[in-house]
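Participant:
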Amino acid sequence: MKKIVGTLSLIFIFGIGHSQVLNEKTTTEKFNKLLYYVNNLYVDSLDAEELVEIAIVKMLEELDPHTSYIPADEVKKASEPLKGNFDGIGIQFNVLKDTIFVVQTISGGPSEKIGLMANDKIITVDGEVVAGVNIQNSDVVKKLKGPKGTIVTVGVKRGKSKELLDFIITRDKIPIHSVDAAYMVASKTGYIKVNRFSANTEEEMTMALVQLKKDGMEDLVLDLQGNGGGYLNTAIWMADEFLSDDKLIVYTEGRAFPRDNRYAKNKGLFEKGRLVVLIDESSASASEIVSGAIQDWDRGVIVGRRSFGKGLVQRPIALPDGSEIRLTMQKYYTPSGRCIQKSYDDGVEAYREEKRERYESGEMFSLDSLDLPDSLKYYTSTKRTVYGGGGILPDIFVALDTTETSEYFGKLVRSGIINTFVLNYMDANRSKLDKNYKSLNDFKKKFTVTGDLMDELIKAGEVEEVAYDKQGFNTSKRVLEIRMKALIARSLYGSSAFYEVINDLNETLQAGIKALEDGSYEGLNLAFKDFK
Numbered sequence: 004m005k006k007i008v009g010t011l012s013l014i015f016i017f018g019i020g021h022s023q024v025l026n027e028k029t030t031t032e033k034f035n036k037l038l039y040y041v042n043n044l045y046v047d048s049l050d051a052e053e054l055v056e057i058a059i060v061k062m063l064e065e066l067d068p069h070t071s072y073i074p075a076d077e078v079k080k081a082s083e084p085l086k087g088n089f090d091g092i093g094i095q096f097n098v099l100k101d102t103i104f105v106v107q108t109i110s111g112g113p114s115e116k117i118g119l120m121a122n123d124k125i126i127t128v129d130g131e132v133v134a135g136v137n138i139q140n141s142d143v144v145k146k147l148k149g150p151k152g153t154i155v156t157v158g159v160k161r162g163k164s165k166e167l168l169d170f171i172i173t174r175d176k177i178p179i180h181s182v183d184a185a186y187m188v189a190s191k192t193g194y195i196k197v198n199r200f201s202a203n204t205e206e207e208m209t210m211a212l213v214q215l216k217k218d219g220m221e222d223l224v225l226d227l228q229g230n231g232g233g234y235l236n237t238a239i240w241m242a243d244e245f246l247s248d249d250k251l252i253v254y255t256e257g258r259a260f261p262r263d264n265r266y267a268k269n270k271g272l273f274e275k276g277r278l279v280v281l282i283d284e285s286s287a288s289a290s291e292i293v294s295g296a297i298q299d300w301d302r303g304v305i306v307g308r309r310s311f312g313k314g315l316v317q318r319p320i321a322l323p324d325g326s327e328i329r330l331t332m333q334k335y336y337t338p339s340g341r342c343i344q345k346s347y348d349d350g351v352e353a354y355r356e357e358k359r360e361r362y363e364s365g366e367m368f369s370l371d372s373l374d375l376p377d378s379l380k381y382y383t384s385t386k387r388t389v390y391g392g393g394g395i396l397p398d399i400f401v402a403l404d405t406t407e408t409s410e411y412f413g414k415l416v417r418s419g420i421i422n423t424f425v426l427n428y429m430d431a432n433r434s435k436l437d438k439n440y441k442s443l444n445d446f447k448k449k450f451t452v453t454g455d456l457m458d459e460l461i462k463a464g465e466v467e468e469v470a471y472d473k474q475g476f477n478t479s480k481r482v483l484e485i486r487m488k489a490l491i492a493r494s495l496y497g498s499s500a501f502y503e504v505i506n507d508l509n510e511t512l513q514a515g516i517k518a519l520e521d522g523s524y525e526g527l528n529l530a531f532k533d534f535k
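Here this note's numbering is used: the first residue of the sequence shown is 4, the next is one more, and so on.
1) Over the uninterrupted alpha helix (DSSP H) stretch that includes Asp3, give me the two end residues.
2) Near Leu315, which residues of its chain fall below 7 Å by C-beta distance, leaving aside the five closest residues on each side in sequence?
3) My output table needs one value for Gly307: the three-state DSSP class, helix, strand or coil.
4) Quick one: what does DSSP say Thr388 is sitting in, helix, strand or coil?
5) Would you mind listing the beta strand (DSSP E) stretches within the region 338 to 401 that are 3+ residues and don't spill past its ends, in chain order?
6) Suppose you measure from the CA of Glu32 to the CA of Leu227; what does that come to, to the nearest Å?
7) Could you give the DSSP three-state label for Gly158: helix, strand or coil?
8) Does the separation of the CB atoms of Asp301 and Thr383 fall below 7 Å?
9) Going by DSSP, which residues form a beta bridge with Ser494?
10) Is it true that the CB of Gly515 sits closer than 7 Å to the CB of Val224?
11) Closer than 8 Å is the cut-off here; do at least three beta carbon pairs connect the region 418 to 435 with the region 487 to 500?
12) Which whole-angstrom value describes the C-beta separation of Phe311 and Ser286, a residue pair presumed to lie in contact below a C-beta threshold of 8 Å?
13) Indicate the three-state DSSP secondary structure (helix, strand or coil) for Glu256 in the structure shown.
14) In whole angstroms, give me the CA-to-CA distance for Lys145 and Gly91.
15) Looking at the structure shown, is Ile138 part of a helix, part of a strand, or coil, going by DSSP?
16) At what residues does the beta strand (DSSP E) containing Phe104 begin and finish?
17) Under 7 Å between the Cβ atoms of Ile195 and Ala185?
18) Going by DSSP in three states, Ile92 sits in which element: helix, strand or coil?
19) Report the residue from Phe501, Asp398, Phe450, Thr127 whose alpha carbon sits nearest the alpha carbon of Ser523.
20) In whole angstroms, give me the CA-to-CA distance for Leu63 and Arg417.
21) Note down, in chain order, each residue of its chain lying with its Cβ closer than 7 Å to the Cβ of Phe273, except the 5 sequence neighbours on either side.
22) Between which residues of its own chain and Gly112 is the CB-CB distance below 6 Å, once the five residues before and five after are set aside?
23) Under the assumption that Ser110 contacts Ile172 (Cβ atoms under 8 Å), give the Cβ distance between them as a whole number of angstroms.
24) Tell me the start and end of each unbroken alpha helix (DSSP H) in the region 39 to 66 that is at least 4 residues and wholly inside, in chain order.
25) Taking Tyr336 and Tyr254 to be in contact with their CB atoms under 8 Å, please state how far apart those CB atoms are, rounded to whole angstroms.
26) What are the boundary residues of the alpha helix (DSSP H) that includes Ser164?
27) In the DSSP assignment, the beta strand (DSSP E) including Ala184 goes from what residue to what residue?
28) Report back the beta-carbon spacing between Asp248 and Lys216 to the nearest angstrom; my notes put them in contact at under 8 Å.
29) Quick check: the Cα distance between Lys86 and Ser190, rounded to an integer number of angstroms?
30) Quick one, which of Val143, Met120, Ala121 has its alpha-carbon nearest Asp129's?
31) From what residue to what residue does the beta strand (DSSP E) around Arg318 run?
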């Protein structure tokens with residue numbers, strides 16, 4: 004692959020020889036001369052700043068798919084998901100029929116504390132009418148977000164009441180939660196779903212583990228499906244919760260950086276107990292560090308499908324104008340020595356389409372289509388064979404289940420019709436549901452999506468030009484019912500409730516629970532099988 008030498012003097016130089024320094028100086032001068040000539044002699048006037056930004060982007064694209072440039076005005080926004088918070092009022096919202104609906108208040112945020120509720124309709128913001136004025140999502144964000152400590156007044160209509168309720172909300176740091184759900188999936192089995200590895204993960208995961216152990220947890224299912232990664236140090240912390248002291252978790256290495264071994268150092272909250280880790284084709288980076296360490300030390304069972312395959316470490320470098328590059332400086336390796344970075348030799352576009360290729364080749368339905376050469380073989384602590392070179396292969400494969408999907412279902416989901424329908428349903432029925440179902444367990448046992456409700460959904464689809472497809476409806480009926488029930492549960496009881504219901508469709512979770520119950524777990528001859 005084409006290598007770009009350190010243009011713009013951004014490369015860290017550790018022990019670089021004299022000739023390389025001269026070459027770097029020459030290259031930088033060449034670029035500056037080119038920029039001077041184009042900026043001053045080109046036939047038309049140019050924006051030099053824009054030209055430099057284009058050059059930076061094009062240069063970084065030649066390196067690898069994960070090295071990137073972030074303009075100054077986007078740096079804060081790009082960093083928020085992993086920093087674990089942002090300044091605002093703490094709601095999830097949806098604009099429906101030109102009205103701002105509160106989908107959910109964020110736990111611990113100022114809106115929840117002051118009494119704002121799911122399905123409240125925001126009519127005014129600081130006295131300005133925002134309903135019926137063709138407001139866009141970006142406009143809502145601008146009006147509601149703001150620095151911590153500032154005040155915004157929102158006028159809300161609730162249920163069928165015509166009265167406008169004014170809430171004076173002091174903006175605050177809003178947590179971006181990384182633990183979506185934590186609950187008992189069986190009498191002795193806990194479940195934790197983690198969506199990212201952020202600054203909040205350690206605190207949230209610790210609270211979840213402590214509570215589940217109080218609830219009687221002896222075995223744990225850790226769900227990293229769809230988790231695209233995050234902070235390296237957070238992944239190391241998480242693996243340390245499961246591995247005993249002095250075990251290698253991961254090591255990193257790069258041209259300018261010597262090998263750096265990272266070990267388990269602390270007494271973890273779950274070093275004893277059977278562990279199942281769920282992964283899929285969207286589990287990447289930090290998720291692969293955790294699952295790779297667990298697999299290499301035979302600490303637990305990896306269940307699902309081959310993970311994404313991102314084994315490159317980026318570090319941020321701030322530029323003088325406030326912009327930032329995230330430059331790949333190292334590769335990371337699992338304890339057995341595996342680099343799980345998949346190939347990007349065919350370019351960025353092919354790299355981004357690789358998951359589609361897995362689907363079309365049949366890999367998501369069977370591992371038989373995978374060509375695994377002996378050169379990619381590695382061995383775990385008990386000499387089980389594992390493979391590097393493109394993601395973490397699971398110990399127990401779970402095929403992608405498409406038997407209940409249909410084009411009709413896809414149209415309803417992609418158009419947002421199901422979510423919109425549930426918002427309207429909750430607006431009309433919340434008080435009745437609150438009265439009839441006193442707890443989530445009560446709701447899970449007794450609430451059913453009736454035929455009449457499904458008929459209303461079909462009609463709502465037709466209004467939005469999604470024609471009723473009887474065959475598609477029958478194919479996806481169970482999935483539609485569970486999805487609607489999960490969305491209603493989220494509105495009533497919070498985001499964790501959504502997963503407690505929707506996980507009835509989680510085939511990988513069911514396979515993980517089955518492995519704990521039918522002897523498959525012990526059958527893998529794991530090093531930790533007797534530590535109960």
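We put the beta carbon where it would ideally sit given N, CA and C, even for glycine.
It should be emphasised that the depicted structure is a prediction, and the values quoted were computed from it without experimental measurement.
Facilitator: A quick look at the data gives this:
1) As displayed, the chain neither begins before 4 nor continues past 535, which places residue 3 out of reach and without an answer.
2) Counting only Cβ-Cβ distances below 7 Å, and skipping sequence neighbours, we find Asp67, His69, Thr331, Lys334, Gln344.
3) strand
4) In the structure shown, Thr388 sits in a strand (DSSP, three-state: E or B).
5) 380 to 382, 388 to 390
6) About 47 Å.
7) strand
8) Between Asp301 and Thr383, the gap from beta carbon to beta carbon is short of 7 Å.
9) Partner(s): none; Ser494 has no beta bridge.
10) Yes; because the gap between Cβ atoms is below 7 Å, this pair is in contact.
11) yes
12) 6 Å
13) strand
14) 10 Å
15) It is coil, neither helix nor strand.
16) 102 to 108
17) Yes, these two residues count as a Cβ contact at 7 Å.
18) coil
19) Asp398
20) Cα-Cα distance, rounded: 33 Å.
21) Correct list, in chain order: Leu212, Leu223, Glu244, Phe245.
22) Gly93, Ile177
23) Not a contact, Cβ separation roughly 16 Å.
24) 51 to 64
25) About 5 Å separates the two Cβ atoms, so the contact holds.
26) It is not in any alpha helix (DSSP H) - Ser164 carries neither H nor E in the DSSP assignment.
27) 182 to 189
28) 20 Å between Cβ atoms; not a contact.
29) Roughly 35 Å between the two C-alpha positions.
30) From the listed residues Val143, Met120, Ala121, the smallest Cα separation to Asp129 is found for Val143.
31) Boundaries of the beta strand (DSSP E) around Arg318: 315 to 321.
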